[in-house]
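The structure under discussion appears below in the form of structure tokens.
Protein chains: 2
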Amino acid sequence: MLAPASRDVVIVGSHLDTQPTGGRFDGIYGVLAGLLAVQALQDRAVAQPGRARRNLAVANWTNEEGARFQPSLTGSSVFAGTLTLEQAYALRDGDGISLGDALAAIDYRGSSPLDLQPIRYVELHVEQGDRLERAAADIAAVSSAWAARKISVVFEGEASHTGPMPMASRRDAMRAAARAIEALYDEVERENAGAHASAARISVFPNSPNVVAARVQVWFEVRHEDEAVVLAIGNRFLERIERESASLGVQISIAADERRGTALLDSAGVDVVCGVVRDLGLKALTLQTVAGHDALAIQKRIPASLIFVPSRDGLSHNPREFTDPEALDKGYAVLVETLWRMVTAES
Amino acid sequence: MLAPASRDVVIVGSHLDTQPTGGRFDGIYGVLAGLLAVQALQDRAVAQPGRARRNLAVANWTNEEGARFQPSLTGSSVFAGTLTLEQAYALRDGDGISLGDALAAIDYRGSSPLDLQPIRYVELHVEQGDRLERAAADIAAVSSAWAARKISVVFEGEASHTGPMPMASRRDAMRAAARAIEALYDEVERENAGAHASAARISVFPNSPNVVAARVQVWFEVRHEDEAVVLAIGNRFLERIERESASLGVQISIAADERRGTALLDSAGVDVVCGVVRDLGLKALTLQTVAGHDALAIQKRIPASLIFVPSRDGLSHNPREFTDPEALDKGYAVLVETLWRMVTAES
């Protein structure tokens with residue numbers, strides 16, 4: 001412990017879980033950098049006795065990505081108190097396995113409470129966008145986050161033979177789902193506000209080439225800096241696909257409608273990070289994050305800071321995700337100094 | 348054996364494999380009716396010695412449906428010589444398991460040659476459409492089959508984050524696939540020739556809610572009584588989706604393009620079936636089949652006959668597929684008498 005007399009702890013971390021194809025930096029960089037930073041600051045605290053007023057801890061938050069279990073940001077949301085541990089354990093993957101059972105199976109279903117008082121959180125992450133690269137900047141201090149709406153829609157039609165069944169008698173859930181995917185992009189373009197949107201996961205039953213699909217589930221997303229835009233696009237989209245699906249004899253139901261408002265990260269933390277970047281002679285931007293991050297969930301409980309380094313070509317959730325070692329080193333230097341200032345600050 | 352002095356055999360049968368959700372009649376009815384018919388005719392041959400000039404055998408053709416392994420009509424195509432046994436064994440399911448290994452695992456990978464000479468094939472099946480029901484007819488003698496084109500298309504985009512990745516930079520294989528599904532129905536309606544079409548199976552990688560899809564495969568079908576219509580719709584569809592996918596940065600490639608021409612079933616067999624139906628005081632139609640059947644594959648080697656009984660509401664490939672027991676009995680009576688005439692006919 002850096003400051004045995006104190007119960008206060010600054011948590012540094014991120015997540016080790018990834019999307020099915022990685023990349024290798026998304027999350028993992030922040031956990032490993034956090035481990036190294038705590039070790040380095042432990043040495044510094046020993047060399048400068050009495051300076052550290054608070055302790056440090058490293059966190060690896062469970063299921064940040066939401067690739068296997070939805071919703072994402074699971075561990076950090078439990079920490080923040082916006083999701084109960086019971087709700088988190090009850091989440092089920094596509095095969096029906098619960099998160100609680102999956103954690104128990106790898107011996108990670110623990111119950112040790114943290115016996116220190118978390119007062120701040122700091123997360124170092126790759127940007128996953130191209131704004132730092134385009135601005136030729138080294139570091140972003142993230143000030144806030146876009147709003148997001150994640151809607152999972154079930155399309156219920158009826159199984160029938162893809163051959164003889166008259167076209168007019170079919171209730172084709174796949175056709176309704178395909179039309180809905182197009183409708184989402186159409187509504188985003190109609191709004192013309194620069195929203196981001198996707199339909200990236202689909203589940204089809206029975207998914208046989210010769211059976212008109214009886215049941216299709218699609219996971220849709222809309223993101224924008226303005227929560228009202230996200231809400232409006234989502235609402236218009238749902239009204240439209242209900243009408244268009246009905247015209248195909250397909251009923252829709254909403255399996256999930258998760259809304260994340262815009263979020264502000266701690267402004268004092270942004271100031272600390274910007275001061276460190278300046279003092280290290282690096283170039284900083286202040287950015288909004290489009291992607292969700294554990295820091296956003298944690299900000300609901302304690303002040304949280306999020307620091308970005310560039311991502312080559314803005315590419316992420318891809319095995320070719322890449323950040324140059326020098327850029328990683330700059331981020332690490334900023335993290336170490338930021339943490340040191342946070343554990344040594346008088347207030 | 349009905350006629351031990353003869354090497355000739357009339358084969359009766361269908362298939363026991365089904366789509367993931369059945370129905371219970373599609374295929375199974377024809378195999379069970381065949382078994383009972385052979386037993387009944389064995390008794391009749393004993394009671395009328397010397398009448399039977401040919402033998403009977405029952406066949407259960409492997410993988411008629413093509414639900415797990417594509418293409419369908421596998422066993423009957425091997426029998427007909429249009430698919431080699433090696434090609435059939437090498438077919439792989441969605442998990443990469445070969446048909447040869449799957450058959451060996453259930454001890455069905457046999458090698459016993461048939462030591463009789465097949466001369467005719469007869470298959471009793473449910474209609475899977477609504478034409479018999481609408482005509483209030485009991486039996487259809489199937490005269491011919493629609494053409495079909497089954498195209499499996501791979502859409503190759505690039506994985507990226509569904510959040511921060513700029514919309515214009517995405518290469519979204521799911522979006523291209525959804526647009527292609529709509530394009531297929533649009534091309535069918537534009538042709539306005541009454542073609543049937545479907546997109547019923549999809550495979551998405553990595554299929555995570557937060558990763559723009561890198562690779563999507565969709566199984567498309569077009570069917571029509573006129574082969575030229577099927578070809579034209581398929582060609583226009585492929586040209587269109589190549590162009591539309593390219594505009595999304597997505598490349599398409601054709602994983603399979605299976606074309607089945609229109610097929611005529613043996614006309615002498617149609618006459619035998621119609622004669623039997625008339626003699627039994629039932630009402631017959633002569634129909635085209637829209638669906639593929641083992642009889643169509645087998646007709647390429649020996650004369651084949653296909654007999655339909657009604658399907659309630661035309662519904663098939665659905666657990667609610669249903670044919671009334673009385674209608675099943677009528678079909679069975681027609682099958683028994685048809686087979687008897689075929690094994691006793693002088694030529």
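So the sequence lines, in the order shown, correspond to chains A and B. Letter 260 of the first sequence, counting from 1, is numbered 260 in our numbering, and no numbers are missing. Counting the second sequence from 1 gives a position; our numbering is that position plus 347. Every residue, glycine too, gets a C-beta built ideally from N, C-alpha and C.
Cross-chain neighbours of VAL212 of chain A in chain B, by beta carbon under 7 Å: Mapped onto the first sequence, residue 212 of chain A falls at position 212. Neighbours of VAL212 of chain A on chain B, chain order: SER545 and ALA547.
For THR262 of chain A and chain B, any beta-carbon pair shorter than 8 Å? In the first sequence, residue 262 of chain A corresponds to position 262, counting from 1. Cβ-Cβ to chain B under 8 Å: no for THR262 of chain A.
Distance cutoff 8 Å, beta carbons only. Does GLY331 of chain A sit that close to anything in chain B? In the first sequence, residue 331 of chain A corresponds to position 331, counting from 1. With 8 Å as the cut-off, GLY331 of chain A does not count as an interface residue toward chain B.
Please list, in chain order, all residues of the same chain as SER353 of chain B whose beta carbon is under 7 Å from its beta carbon, the five residues on each side excluded. By 1-based counting over the second sequence, the position of residue 353 of chain B is 6. ARG400, ARG401 and ASN402.
Roughly how many whole angstroms lie between the Cα atoms of ASN665 of chain B and GLU505 of chain B? Sequence index remark: in the second sequence, residue 665 of chain B carries index 318 (1-based). Sequence index remark: in the second sequence, residue 505 of chain B carries index 158 (1-based). So the alpha carbons of these two residues sit roughly 36 Å apart.
Quick one: grab the DSSP three-state call for GLN217 of chain A. Looking up residue 217 of chain A in the first sequence gives position 217. The answer is strand: DSSP assigns GLN217 of chain A an E or B state.
So VAL230 of chain A and ALA291 of chain A are in contact, right, with Cβ under 8 Å, and what is the actual spacing, rounded? Numbered from its first residue, the first sequence carries residue 230 of chain A at position 230. Numbered from its first residue, the first sequence carries residue 291 of chain A at position 291. Contact flag wrong, Cβ pair sits at about 15 Å.
Identity of the residue in B:GLN395, B:ALA387 and B:GLU412 nearest LEU682 of chain B by Cα: Taking the first residue of the second sequence as 1, we reach residue 682 of chain B at position 335. Nearest C-alpha to LEU682 of chain B: B:ALA387.
Do ALA178 of chain A and GLU244 of chain A have their CB atoms nearer than 8 Å? Here residue 178 of chain A refers to the residue found at position 178 of the first sequence. Here residue 244 of chain A refers to the residue found at position 244 of the first sequence. No, these two residues do not count as a Cβ contact at 8 Å.
Determine the contact status of SER424 of chain B and ALA437 of chain B, defining contact as a CB-CB distance below 8 Å. The residue you call residue 424 of chain B lines up with position 77 of the second sequence. The residue you call residue 437 of chain B lines up with position 90 of the second sequence. Between SER424 of chain B and ALA437 of chain B, the CB-CB gap reaches or exceeds 8 Å.
Check each candidate in A:ILE181, A:ALA255 and A:ASP101 and name the one with the smallest Cα separation from VAL153 of chain A. For the purposes of this step, residue 153 of chain A is identified with residue 153 of the first sequence, where counting begins at 1. Taking the Cα of VAL153 of chain A as reference, the smallest distance to any Cα among A:ILE181, A:ALA255 and A:ASP101 is reached at A:ALA255.
Does the beta-carbon of ILE151 of chain A have 16 or more other beta-carbons within 10 angstroms, so that it is buried, or is it exposed? Translated into positions along the first sequence, residue 151 of chain A becomes position 151. Classification of ILE151 of chain A: buried, given that the 10 Å Cβ count is 16 or more.
Touching or not, the stretch 475-491 of chain B and the stretch 649-660 of chain B, by the rule of three or more beta carbon pairs under 8 Å? yes
Is the beta carbon of THR286 of chain A closer than 8 Å to that of TRP146 of chain A? Translated into positions along the first sequence, residue 146 of chain A becomes position 146. Translated into positions along the first sequence, residue 286 of chain A becomes position 286. No, they are not a contact pair.
Mind checking the stretch 650-669 of chain B against chain A and listing, in chain order, the residues whose C-beta falls within less than 7 Å of any C-beta there? GLY661, LEU662, SER663, HIS664 and ASN665
Cβ-based neighbour list, LEU103 of chain A, same chain, cut-off 6 Å, excluding 5 preceding and 5 following: Taking the first sequence and counting its residues from 1, the one referred to as residue 103 of chain A is at position 103. So the qualifying residues of the chain are ARG109.
What span of residues does the alpha helix (DSSP H) with ALA575 of chain B cover, start to end? Working through the second sequence from its first residue, we reach residue 575 of chain B at position 228. Note, ALA575 of chain B: alpha helix (DSSP H), 574-593.
Quick one: residues in its chain with C-beta nearer than 7 Å to the C-beta of GLN117 of chain A, no 5 flanking neighbours on either side, listed in chain order? Walking along the first sequence from the start, residue 117 of chain A turns up at place 117. So the qualifying residues of the chain are ARG7, ASP8 and VAL9.
Alpha-carbon to alpha-carbon, ASP618 of chain B and ARG398 of chain B: As a working mapping, residue 398 of chain B is identified with position 51 in the second sequence. As a working mapping, residue 618 of chain B is identified with position 271 in the second sequence. For ARG398 of chain B and ASP618 of chain B, the distance between alpha carbons rounds to 21 Å.
Quick one: is ASN582 of chain B buried, meaning 16 or more other Cβ sit within 10 Å of its Cβ, or exposed? One-based indexing of the second sequence puts residue 582 of chain B at position 235. Under the 10 Å beta carbon count, ASN582 of chain B is surrounded by fewer than 16 other beta carbons and is classified as exposed.
Where LEU383 of chain B falls: helix, strand or coil (DSSP): Mapped onto the second sequence, residue 383 of chain B falls at position 36. Residue state, collapsed to three classes: helix.
Residues of the stretch 153-172 of chain A with a CB closer than 9 Å to any CB of chain B: list them in chain order, please. GLU158, ALA159, SER160, HIS161, THR162, GLY163, PRO164, MET165, PRO166, MET167, SER169, ARG170 and ASP172
Mapping the DSSP letters down to three states, classify THR633 of chain B as helix, strand or coil. In the second sequence, residue 633 of chain B corresponds to position 286, counting from 1. Strand, per DSSP.
Can you give me, in chain order, the residues of the stretch 616-645 of chain B that have a beta carbon less than 9 Å from any beta carbon in chain A? THR636, VAL637, ALA638 and GLY639
State the CB to CB distance for the pair THR509 of chain B and VAL559 of chain B, rounded to an integer number of angstroms; the pair is presumed to be in contact (CB under 8 Å). For this step, residue 509 of chain B is matched to residue 162 along the second sequence. For this step, residue 559 of chain B is matched to residue 212 along the second sequence. Indeed they touch by this definition, with Cβ atoms about 6 Å apart.
Which class does GLU411 of chain B belong to by DSSP, given the choice of helix, strand or coil? Taking the first residue of the second sequence as 1, we reach residue 411 of chain B at position 64. GLU411 of chain B: coil per DSSP, three-state reduction.
Measure from the C-beta of MET1 of chain A to each C-beta in chain B and report whether the shortest distance is under 8 Å. Taking the first residue of the first sequence as 1, we reach residue 1 of chain A at position 1. No, because no Cβ of chain B sits closer than 8 Å to the Cβ of MET1 of chain A.
For a cutoff of 8 Å on Cβ pairs, would you count LYS647 of chain B as touching chain A? Taking the first residue of the second sequence as position 1, residue 647 of chain B is located at position 300. Not one chain A Cβ lies under 8 Å of LYS647 of chain B.
PHE237 of chain A to VAL250 of chain A, Cα distance in whole Å? As a working mapping, residue 237 of chain A is identified with position 237 in the first sequence. As a working mapping, residue 250 of chain A is identified with position 250 in the first sequence. Taking the straight line joining both Cα atoms gives about 16 Å.
Short Cβ contact (8 Å threshold) for ILE466 of chain B with ILE649 of chain B: Walking along the second sequence from the start, residue 466 of chain B turns up at place 119. Walking along the second sequence from the start, residue 649 of chain B turns up at place 302. Taking 8 Å as the Cβ cut-off, ILE466 of chain B and ILE649 of chain B qualify as a contacting pair.
Starting from the C-beta of HIS293 of chain A, find all residues in its chain whose C-beta is less than 7 Å away, skip the five residues before and the five after it, and write them out in chain order. As a working mapping, residue 293 of chain A is identified with position 293 in the first sequence. Cβ within range, chain order: GLU123, HIS125 and LEU306.
What do you get for VAL565 of chain B, buried or exposed, if any count of 16 or more other CB atoms within 10 angstroms of its CB means buried? Residue mapping note: residue 565 of chain B aligns to position 218 of the second sequence, counting from 1. So VAL565 of chain B counts as buried.
So which residues of chain B does SER76 of chain A contact, with C-beta pairs closer than 7 Å? On the first sequence, residue 76 of chain A is found 76 positions in, with the first residue counted as 1. Within chain B, no residue comes near SER76 of chain A; the closest Cβ sits about 16 Å away, beyond 7 Å.
Would you kindly report the start and end of the unbroken beta strand (DSSP E) that includes PRO118 of chain A? By 1-based counting over the first sequence, the position of residue 118 of chain A is 118. Here the beta strand (DSSP E) through PRO118 of chain A covers 117-126.
Same chain, Cβ closer than 6 Å to MET521 of chain B, five either side skipped, listed in chain order: Here residue 521 of chain B refers to the residue found at position 174 of the second sequence. The residues are ALA560 and VAL563.
Buried or exposed: where does ALA362 of chain A fall if 16 or more other Cβ atoms within 10 Å of its Cβ makes it buried? Absent from the model: residue 362 of chain A. The displayed extent of chain A is 1 to 347, so no value can be given.
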